[in-house]
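Mapped onto the numbering used here, the consecutive letters of the sequence shown carry residue numbers -7 to 85.
The beta-carbon is built from N, C-alpha and C at its ideal position, and this holds for glycine as well.
Please read all numbers here as calculations on a predicted model, not as lab measurements.
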Amino acid sequence: MEEKTGLSHRLIINNREKGSLTGILDVISFDENMIVLDTDMGLLTIKGKDLHVSRLTLEKGEIDLEGRTDSFVYSSNESYRKAGQSLLTRLFK
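Set out below in structure tokens:
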């Protein structure tokens, strides 16, 4: 997988209802209860309720989230990663 340079990973959460993240390399999966992101700091699993991706810009490595967040867990587990395939590539196969 091509690493993007110059990205800094930042996680900002406002009142557990809205969030903004940078340093995003890919969206592995998402639904209204869980979002799994590939970041430059490892895999990030976000769990909550009524989660929605309100803005996604993979070119800049940015994502905005809405919904109630319950947990953020970082992992170095590579089993979710699919080298060279973005979420959009897998969706439109």
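(request) With DSSP collapsed to three states, give me the class of residue 2. (result) One-based indexing of the sequence shown puts residue 2 at position 10. Looking at residue 2 - three-state DSSP - the assignment turns out to be strand.
(request) Indicate the three-state DSSP secondary structure (helix, strand or coil) for residue 33 in the structure shown. (result) Within the sequence shown, residue 33 is the residue found at index 41, counting from 1. Coil.
(message) The beta strand (DSSP E) that contains residue 59, what's its start and end?
(response) Taking the sequence shown and counting its residues from 1, one reaches residue 59 at position 67. Unbroken beta strand (DSSP E) run through residue 59: 54 to 67.
(request) Would you kindly check if the distance between the Cβ of residue 57 and the Cβ of residue 27 is under 8 Å? (result) Counted from its first residue, the sequence shown places residue 27 at position 35. Counted from its first residue, the sequence shown places residue 57 at position 65. Yes, the pair counts as a contact, with Cβ atoms nearer than the cut-off.
(request) Out of 42, 16 and 65, point me to the one whose CA is closest to residue 52's CA. (result) Translated into the one-based positions of the sequence shown, residue 52 becomes position 60. Closest option to residue 52, Cα to Cα, is 16.
(request) Within the same chain, show all residues whose beta-carbon is closer than 8 Å to that of residue -4, passing over the 5 residues directly before and after it, in chain order. (result) By one-based count along the sequence shown, residue -4 stands at place 4. For residue -4, the predicted model reports a pLDDT of 48, less than 50, meaning its position is unreliable and no value from the coordinates is stated.
(request) Give the straight-line distance between the Cα atoms of residue -7 and residue 66, rounded to the nearest whole angstrom. (result) Looking up residue -7 in the sequence shown gives position 1. Looking up residue 66 in the sequence shown gives position 74. Reliability of the predicted coordinates at residue -7 is poor, the pLDDT of 41 falling under 50, and no value is obtained from them.
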